[in-house]
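Data block below; observations after.
Numbering (my numbering), first residue to last: 277 to 1259.
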């Protein structure tokens, strides 16, 4: 591998630290780049990246930073929007190792957790206890408790559950001197003891209590808090350190609220303390009946007026979705399915949530609320969404952040003024003033999120690659800070100050309070170890931005057509860092299998997009893709296409990887194994007359010798060629039937023709029995093997030829159906991007005429040309595993629908993502272990729990081989199951 700019480790004694840790320490340029950004607009290269394994590792890192005048930046999922985890110190990533749920006290309704526990996974675990952790962010399927504490996260139901701060009972961790402490509620006597140096671990712990007593006992300071902090009617008040809340506890006022430094630590963004364990308050499980009244409006102003009326009915949440986000959902594969409740093109929708004990109770509330709103001319459509369907609405709303990256071009919806919180009664007027300011600046803005608590995530559309855009970034931040001050609101409601809003704290709260904040920071962290430059003493908010004003955007020539994004670089820049690709297998979905198996940031879609962006932007080489470090980051991408549908920004990493490989190969050539895999169809064609010879080369001593020589895993059984090709069989087969349903064109792809011949034979017989005559059109191989290895020159030739052949071979009203998802879906996915000119338009047209056989049969069922009466009444249990492409580019609904044709078949989806094989990926020796690890996440264990009589359905050829290797079970293609089920 080429030089990776290893930092001069001796100048910081990093080598010494590395040897001291049980965990890992990285200081190569690649890993530092991958941790140089988060979900904000900022970028700064860290000194190093640490993955601590134990709390002793964390202690050593703190002491190292203290002794070497460096700093540490605590990081969990890295979804911060104000640059909280971007800095030039050592990034300490707790997301890999600090993931334990330590204990649950059911009677006390509390739990101890490590900071790397994911919020949604905590609630999955708590379900059996009948308990629930209330605060819920839009990133809840990957955000971690440590990050939620750091930012004092709130989320959709904060009108009921408040912020994270209200639920933190105790915290264990380290002070800046490296001593371990526990913070929790104290009696007045215990507080005084701490001030007097009793029961403290160090003089530093004593000093922070003494300082708190001095600051909070001052009548002048308390008056300053009352006058300058945001209105107490605003529940989301996250500007600066929470001294005002500490002042409202005993011993400073006569209150049952005990003094607890947890209130200060929550929202302190890792600037005061490093947590290693957190004790959380839990609440009872959610009420059993849920519904969303999704009220449609003609304007944002009207929706905010209606929000005030909705709150009279004590909803559990009220979330705003504006027309910008709704428009983005139309083009997103995943979210377009979640628009079922949207009527027309509303300017805004309020999703008003009610959780109650019965549906009747909800219906009564909905009726009364609609009547009240209509009486005030608010809203024009009031659909009610119940039960599981509410999750689809929430998915659409939560995807808002990522969807905003879909806006073509360099101007994006920027996180700069997105965290303002205002009294809900002031919100309509505030937003009117806000939009007036934007209009003066010729800016448009996206409005969405937490209407119930007065916080809308307001994102102006700005081009930060221009000098004008960068100037606007500061100007609009200043303008809106003054406006928020006018309404005595909070500039930060839940996303924190970070380096984005820190410089406006003196404006918002006054210089005297700001100086108190600096004093807090200096006493808690006299050495500047913990996350410097956040909240106080921040650098100017328009420095260290991800994009430089006036920077060039290189436009290298590409084999795929990236014109929809204005070039491949902008396609990579669609990733805004929201980290949706960091969800685990417990959250479901396909993206991102390599991250699910490794929990390593390097193996996320985000990391790959970041590396592509950095490489293409900054490379000085004639071929900007000629970079082995880029290939290293892309290596574990399985090209599953999960990101194409599940990433809200639709980042298609499979496409980006294939393009990168071809560009790299243009300079460096194609490796032998890649040539072998790409040319598999040609090799199969050579052996078609003697398949036994090919099969001999895959087995025994000879097979192992070949595997070693070509880089395939010895543990794998390579696929065997069938004794006859499907093409040859089809020419000799006499189809029998009345064919009253007409002719269908079946695609004879390269996998079907040589390997899955028996499945093809079964498919033909099934279609014949269902009334269809099968014709095999003269259309060549799909090119999938070439695509998988980035051999796009060959793939383009195939795509162009197949597009020409399609026009000749398929009748005007005909459609092409396929058995292997990865082959037939090439027509739908890659071909339009590989072809150019007139062929491109034809490829787009033909893409709409290609179907998986499951899609075709489901459509025919809907058209009543197929009947369940043709199938057995026998009882069977079926578990189905969908192909990744099928999940991303199609849907599993048709698959389940056709497998349910036999009325007594119980069909259950296996909630797995990628199987781990991914074409040749799992056969390659260096990928075998990760391939099997992916299979072990969900797929293999689920199959092992099934009785031997259970039928396993898997449309993908690679998936069936992976299931066989991983479980010893034979998975069948759905057509095999259906054919056997015919009467």
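The beta-carbon is built from N, C-alpha and C at its ideal position, and this holds for glycine as well.
Bridge partners - residue i, DSSP secondary structure assignment
i            : result
residue 1217 : In DSSP, residue 1217 forms no bridge with anything.
residue 1248 : 1229
residue 1127 : 1093
residue 1185 : 1156
residue 598  : 624
residue 350  : 368
residue 736  : 721
residue 572  : 625 and 657
residue 1002 : Beta-bridge pairing links residue 1002 to no other residue.
residue 449  : 457 and 551
residue 726  : 595
residue 318  : 821
residue 388  : 379 and 555
Assigned exposure category for residue i - 16 Cβ within 10 Å defines buried
i            : result
residue 1102 : buried
residue 978  : exposed
residue 1231 : buried
residue 1065 : buried
residue 620  : exposed
residue 948  : exposed
residue 1084 : exposed
residue 852  : buried
residue 968  : exposed
residue 279  : Confidence at residue 279 is low in this model, with a pLDDT of 46, below 50, so the placement of that residue is unreliable and no value is reported for it.
residue 616  : exposed
residue 860  : buried
Own chain partners of residue i with C-beta closer than 7 Å, once the 5 adjacent residues on each side are dropped
i            : result
residue 318  : 359, 362, 775, 820, 821 and 822
residue 576  : 598, 623, 624, 707 and 723
residue 1201 : 987, 988 and 989
residue 1038 : 1251, 1252 and 1255
residue 858  : 353, 418, 871 and 880
residue 910  : 884, 933 and 936
residue 527  : 464, 467 and 535
Whole-Å CB distance - residue i paired with residue j, under 8 Å assumed
i            : j            : result
residue 563  : residue 633  : 6 Å
residue 379  : residue 365  : Residue 379 to residue 365, Cβ: 32 Å. No contact.
residue 451  : residue 478  : 7 Å
residue 1096 : residue 956  : Residue 1096 to residue 956, Cβ: 13 Å. No contact.
residue 435  : residue 728  : 4 Å
residue 1086 : residue 1127 : Their Cβ separation, rounded to whole angstroms, is 12 Å, which puts residue 1086 and residue 1127 out of contact at 8 Å.
residue 1024 : residue 1052 : 5 Å
residue 1197 : residue 1188 : Going by Cβ atoms, the distance from residue 1197 to residue 1188 rounds to 16 Å, so no, they are not a contact pair.
residue 501  : residue 485  : About 19 Å separates the two Cβ atoms, so there is no contact after all.
Alpha carbon of residue i to alpha carbon of residue j, nearest angstrom
i            : j            : result
residue 286  : residue 302  : Because the pLDDT at residue 286 is just 49, under 50, the model does not fix this residue reliably, and the value given afterwards should be weighed accordingly. Computed Cα separation, rounded: 14 Å.
residue 446  : residue 601  : 39 Å
residue 675  : residue 609  : 12 Å
residue 415  : residue 394  : 10 Å
residue 626  : residue 661  : 12 Å
residue 838  : residue 1107 : 13 Å
residue 666  : residue 889  : 36 Å
residue 487  : residue 799  : 8 Å
residue 371  : residue 770  : 21 Å
residue 648  : residue 585  : 8 Å
residue 504  : residue 759  : 15 Å
residue 441  : residue 514  : 10 Å
residue 1261 : residue 960  : Absent from the structure is residue 1261, since the part of the chain shown begins at 277 and ends at 1259.
residue 480  : residue 663  : 52 Å
residue 277  : residue 905  : Any answer about residue 277 is weak, because its pLDDT of 39 lies below 50 and its placement is not dependable; what the coordinates show is given next. Distance between the alpha carbons of residue 277 and residue 905 is about 7 Å.
residue 913  : residue 1112 : 27 Å
residue 816  : residue 448  : 33 Å
residue 413  : residue 673  : 11 Å
Same chain only: Cβ atoms within 6 Å of residue i, ignoring 5 sequence neighbours per side
i            : result
residue 720  : 737
residue 1176 : 1183
residue 786  : 504
residue 980  : 990
Close beta carbons around residue i, own chain, < 8 Å, minus the five adjacent residues each side
i           : result
residue 344 : 288 and 289
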